[in-house]
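Written out below as structure tokens is the structure these notes cover.
Residue numbers (our numbering), protein chains in the order written: chain C, 1 to 365; chain H, 366 to 865.
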């Protein structure tokens, strides 16, 4: 039906609109917590073809019923029979998009390259897939419809088919079975390890930014890696692994030793994720205040010796806060310059989340 | 061809005969039984099976299918103005509903065939629409989907700028030469010797020059008279490629095809409702169906305090007319009678009602229908009122139930199909080939954001700066889009002097 075409065109236009306004949706928390096969509803202003028309507020209209002067009749924009010339209300159009589609839009908007997984060649999973029909096979896989068709064909062509008594008995020759093929699929496994500074200087707004950003990073990475694993580490002067919920809720006070988190992260990787089989994405968010320059030196050393050679990319996002000095980012910049494997990003506010995602994922590693 | 079940076909034959016996005069009517998905598709396409490809139909379809799936709305009836008439029944509706739809549809068919405002519509529009679709598709193949679709967006943006009355006006093709009035600028001279004092030569020369200039300007004004059919004007005069002219032509053709339906919405629905109600309750229904019918009928006729329901106003007016003409409640004696009791018991037993409503359905459109037949008694009986937006409370509130106000409000909404009246004043504005449009302001401003976007679309066709004069916030203003900037100039103030 040709309406499908028109409908698809319309949906494309809607996606275009979502893409235009993506920044708005990314910086709002409503979408968070959706799985990739879930649908999200995004309210869009109704897409209208503009024409010369009367403004809605001044025109008024005719109604029917009991009532005194000054009585509220409700907004004629909602419900009610549209009449010729009745002013259109501000209709909101609700579009449904799957998280997967939204990830696509995100990718298009930021022009994110597809990620080249590493280690894909080493590990392969074998899957079976039904691909066609074969004349032999186990009875359990018998394809009834095509077997019947072949039998019917045989009857008709040999002239033995009787439409009064349409009895068709298949013989061995007619049988059709589903046949399958073994396909080897490269298995890609990935883990994202989020580390966050929860020291006193990280406020609620900073944490919300991290929450939003990590959600969108997950959304994008999940597109490329089925079964993406996520781990969460919080740290102030000491680091500990927590679950997702705690990660975003905990607020500690006290100093900041970034190396504590890096050490824990390294332990987790060594223990659970063999580096030649896994795509590893550590993300660290902090306001950039480290306890001492000694500790920063430890971090730099760990990055050089462990993280950069073994991870797809190490990502550091610095969330601006009024307390943080932001020194850590400068130190890293000084130390590594523009190392391909280290992504640095400064996130001044919610509006910058999109740019920051681009910083992190724009290299396709 | 029709694919009705035997039960439905039997009912169709019966109802068709009943309609005919009642005096309805229809084109042959073909009913098709279709699924809800098809009905949504056809409805998105304005009743037609095929339209040119455009996303707006996709949007409409999305809206209809969502509303249906969520149980918010359901389309019962659809009929298109062609010969033969096509109408659709939805699979799975109850038998009573199907009968109701059929009776309703015969009402519409009779209206399409006999109402004078439909007399100029193309009754083979189904073929024409398919033809349009093919043409647009061909252009898409040739010039690219985006190019053509963008152009369609522009055309659809101005599709309401047609002259709804023009199909009914017979114009003479002879252009009359402007009459030149000689010397009308000279003051009257009674005494010859005073001539040079009353009309000094210098003054005469000046006036002569000015008069000639005015005549020249008038003769060279283009268009010579303000033009309401803006689509036609642009078709002929805008610098467009052949395929663009063709698309503009077909959009205009379709706009004219749909225009009478907008001009007779209240009458058309009223007429169809009048007949479904009459035929169902007197001839078609069996006893067990009456409650369901009443329920459905009442649902269709319901009128919310904030919404004008054309079905309701239409059916009540037709019934009112029938009653008045049956009882002879018309004419001078009736109008001049102010004895309440006499008016109440007024019955001359003329029985002209049926004849009268058939006449009304033939010659009226919504404007003349309301103008002639909406009476104060009717307004009172049906409790009609005007609501307005109250800026203080930010709410829509009942304003008045004054008869004149109600009538004026309804008529205002119907004139020009509730669209602002816009004309092309000058296609060589400022002597720079700019387009000047004017909006006949009748108390309501246009929606500013839509106006600016539409103006930009007109620019895309005209390709020179486009201006419109309208009233906004109580002051006359000129809005202009010159391809880059959108500017406003208040007209009652002196134009700001340009620095050279």
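Heads up, the beta-carbon is just placed ideally off N, CA and C, and yes, glycines get one too.
Closest by C-alpha distance to residue 198 of chain C, when choosing among C:286, C:129 and C:130 = Indexing the first chain from 1 puts residue 198 of chain C at position 198. When each option's Cα is compared against that of residue 198 of chain C, the closest is C:286.
Closer than 8 angstroms, Cβ to Cβ, to anything on chain C: give me those residues from the region 651-684 of chain H, in chain order.
-> Of all residues in the region 651-684 of chain H, those with a C-beta nearer than 8 angstroms to a C-beta of chain C are 668, 669, 670, 671, 672, 673, 674, 675, 676 and 677, reading in chain order.
Going along the chain, which residues of its own chain have a beta-carbon closer than 8 angstroms to the beta-carbon of residue 748 of chain H, five neighbours each way excluded?
-> In the second chain, counting from the first residue as 1, residue 748 of chain H sits at position 383. The residues 766, in chain order, have a CB closer than 8 angstroms to that of residue 748 of chain H in the same chain once the five nearest residues on each side in sequence are set aside.
Within 10 angstroms of the Cβ of residue 68 of chain C, are there 16 or more other Cβ atoms? Answer buried if so, exposed if not.
-> What you label residue 68 of chain C is simply residue 68 of the first chain in a count that begins at 1. Per the 10 Å Cβ criterion, exposed.
Opening and closing residue of the alpha helix (DSSP H) in which residue 135 of chain C lies = Residue numbering aside, residue 135 of chain C sits at position 135 when the first chain is read from its first letter. Secondary structure note for residue 135 of chain C: it is in no alpha helix (DSSP H), with a DSSP letter that is neither H nor E.
Residue 587 of chain H classed as buried or exposed, judged by whether at least 16 other C-beta atoms fall within 10 angstroms | Your numbering for residue 587 of chain H matches position 222 in the second chain. Label assigned to residue 587 of chain H: exposed.
Quick one: which chain C residues come within Cβ less than 8 angstroms of residue 818 of chain H?
-> As a first step, residue 818 of chain H is located in the second chain; it is residue number 453 there, counting from the start. Those are 50, listed as they occur along chain C.
Strand pairing of residue 284 of chain C, partner residues [DSSP] | Working through the first chain from its first residue, we reach residue 284 of chain C at position 284. Looking at the DSSP output, residue 284 of chain C shares a beta bridge with C:195 and C:316.
Could you give the distance in angstroms between the alpha-carbon of residue 610 of chain H and the alpha-carbon of residue 501 of chain H?
-> For the purposes of this step, residue 610 of chain H is taken as residue 245 along the second chain, with counting starting at 1. For the purposes of this step, residue 501 of chain H is taken as residue 136 along the second chain, with counting starting at 1. Within the model, the alpha-carbon separation for residue 610 of chain H versus residue 501 of chain H is close to 12 angstroms.
Burial state of residue 375 of chain H (16 or more Cβ within 10 Å) | Your numbering for residue 375 of chain H matches position 10 in the second chain. When all chains shown are included, residue 375 of chain H counts as exposed.
With a cut-off of 8 angstroms on the beta carbons, I'd call residue 682 of chain H and residue 635 of chain H a contact; round off their distance for me.
-> Position 317 of the second chain, counted from the start, is the residue given in the question as residue 682 of chain H. Position 270 of the second chain, counted from the start, is the residue given in the question as residue 635 of chain H. Residue 682 of chain H to residue 635 of chain H, Cβ: 6 angstroms. Contact.
What residues match up with residue 854 of chain H in a beta bridge as DSSP calls it?
-> As a first step, residue 854 of chain H is located in the second chain; it is residue number 489 there, counting from the start. Residue 854 of chain H pairs with H:843.
Among the residues of its own chain, which have a CB less than 6 angstroms from the CB of residue 738 of chain H, if the five just before and after it don't count?
-> Translated into the one-based positions of the second chain, residue 738 of chain H becomes position 373. So the qualifying residues of the chain are 682 and 686.
In the structure shown, what three-state DSSP assignment does residue 623 of chain H receive?
-> On the second chain, residue 623 of chain H is found 258 positions in, with the first residue counted as 1. Residue 623 of chain H sits in a helix when the DSSP states are folded into three classes.
Answer yes or no: does any C-beta atom of chain C fall closer than 8 angstroms to that of residue 840 of chain H?
-> Taking the second chain and counting its residues from 1, one reaches residue 840 of chain H at position 475. Residue 840 of chain H does not count as touching chain C.
Residues in its own chain within less than 7 angstroms of residue 356 of chain C by CB, not counting five upstream and five downstream?
-> The count along the first chain starts at 1 and reaches residue 356 of chain C at position 356. Hits under 7 angstroms: 213, 317, 345 and 347.
CB-CB under 8 angstroms to residue 764 of chain H, same chain, minus the five flanking residues each way: which ones, in chain order?
-> For this step, residue 764 of chain H is matched to residue 399 along the second chain. These residues qualify, in order along the chain: 750, 751, 752, 753 and 770.
Determine the direct distance from the alpha carbon of residue 852 of chain H to that of residue 720 of chain H, and round the result to whole angstroms.
-> Residue 720 of chain H sits at position 355 when you count from the first residue of the second chain. Residue 852 of chain H sits at position 487 when you count from the first residue of the second chain. Taken atom to atom, the span from the alpha-carbon of residue 720 of chain H to that of residue 852 of chain H is near 57 angstroms.
Would the beta-carbon of residue 407 of chain H fall within 8 angstroms of that of residue 453 of chain H?
-> Here residue 407 of chain H refers to the residue found at position 42 when the second chain is read from its first residue. Here residue 453 of chain H refers to the residue found at position 88 when the second chain is read from its first residue. Yes, the Cβ-Cβ distance between residue 407 of chain H and residue 453 of chain H is below 8 angstroms.
In three-state terms, what does DSSP make of residue 693 of chain H?
-> Taking the first residue of the second chain as position 1, residue 693 of chain H is located at position 328. Coil at residue 693 of chain H, not helix or strand.
If the cut is a Cβ gap below 7 angstroms, which residues of chain H does residue 73 of chain C touch?
-> Mapped onto the first chain, residue 73 of chain C falls at position 73. The contacting residues are 670, 671, 752, 761, 762 and 763.
Look at the Cβ atom of residue 527 of chain H, then the Cβ atom of residue 620 of chain H, and state whether they are nearer than 8 angstroms.
-> The sequence position of residue 527 of chain H within the second chain is 162, counting from 1. The sequence position of residue 620 of chain H within the second chain is 255, counting from 1. Yes, Cβ-Cβ distance for residue 527 of chain H and residue 620 of chain H is below 8 angstroms.
Would you give the residue range spanned by the beta strand (DSSP E) that residue 551 of chain H belongs to?
-> The count along the second chain starts at 1 and reaches residue 551 of chain H at position 186. Boundaries cannot be given for residue 551 of chain H, as no beta strand (DSSP E) includes it and DSSP labels it neither H nor E.
Local Cβ density within 10 Å of residue 425 of chain H, reported as buried at 16 or more and exposed below that = Here residue 425 of chain H is taken as the residue at index 60 of the second chain, counted from 1. Around the beta carbon of residue 425 of chain H, 16 or more other beta carbons lie within 10 angstroms, which makes this residue buried.
Straight-line Cα distance separating residue 12 of chain C from residue 429 of chain H | The residue labelled residue 429 of chain H in the question sits at position 64 within the second chain. The residue labelled residue 12 of chain C in the question sits at position 12 within the first chain. If you take the alpha carbons of residue 429 of chain H and residue 12 of chain C, they lie about 18 angstroms apart.
How would you label residue 427 of chain H, buried or exposed, when you count the other beta carbons within 10 angstroms and need 16 or more for buried?
-> Taking the second chain and counting its residues from 1, the one referred to as residue 427 of chain H is at position 62. Classification for residue 427 of chain H: buried.
Paired residues, beta bridge with residue 803 of chain H - DSSP = On the second chain, residue 803 of chain H is found 438 positions in, with the first residue counted as 1. BP columns for residue 803 of chain H point to H:788 and H:834.
Any C-beta of chain H under 8 angstroms from that of residue 335 of chain C = In the first chain, residue 335 of chain C corresponds to position 335, counting from 1. False, the Cβ-Cβ gap to chain H never drops below 8 angstroms.
Buried versus exposed call for residue 421 of chain H [16 or more other C-beta atoms within 10 Å across all chains shown] = On the second chain, position 56 is the one that residue 421 of chain H refers to. Counting the other Cβ atoms within 10 Å of the Cβ of residue 421 of chain H gives 16 or more, which makes it buried.
Considering residue 63 of chain C, what are the terminal residues of the alpha helix (DSSP H) in which it resides?
-> Indexing the first chain from 1 puts residue 63 of chain C at position 63. First-last for residue 63 of chain C: 61-64, but that is the beta strand (DSSP E), not the alpha helix (DSSP H).
Taking DSSP as the reference, what is the three-state secondary structure of residue 310 of chain C?
-> Position 310 of the first chain holds residue 310 of chain C. The DSSP-derived three-state label of residue 310 of chain C is helix.
CB of residue 599 of chain H within 8 angstroms of CB of residue 827 of chain H, strictly | In the second chain, the residue the question calls residue 599 of chain H occupies position 234. In the second chain, the residue the question calls residue 827 of chain H occupies position 462. Residue 827 of chain H is positioned such that its CB atom lies closer than 8 angstroms to that of residue 599 of chain H.
With residue 876 of chain H and residue 446 of chain H assumed to form a contact (beta carbons below 8 angstroms), what rounded beta-carbon distance in angstroms separates them?
-> No answer is possible for residue 876 of chain H: it lies beyond the span of chain H, which begins at 366 and ends at 865.
Verify whether the separation of the beta carbon atoms of residue 363 of chain C and residue 313 of chain C is less than 8 angstroms.
-> Here the question's residue 363 of chain C lines up with position 363 in the first chain. Here the question's residue 313 of chain C lines up with position 313 in the first chain. Going by C-beta atoms, residue 363 of chain C is nearer than 8 angstroms to residue 313 of chain C.
Should the region 225-243 of chain C be regarded as contacting the region 256-275 of chain C, the criterion being three or more beta carbon pairs within less than 8 angstroms?
-> Taking 8 angstroms as the limit for Cβ pairs, the verdict is that the region 256-275 of chain C does touch the region 225-243 of chain C.
Within-8 angstroms CB hit, residue 293 of chain C to chain H = What you label residue 293 of chain C is simply residue 293 of the first chain in a count that begins at 1. Not a single CB atom of chain H sits nearer than 8 angstroms to the CB of residue 293 of chain C.
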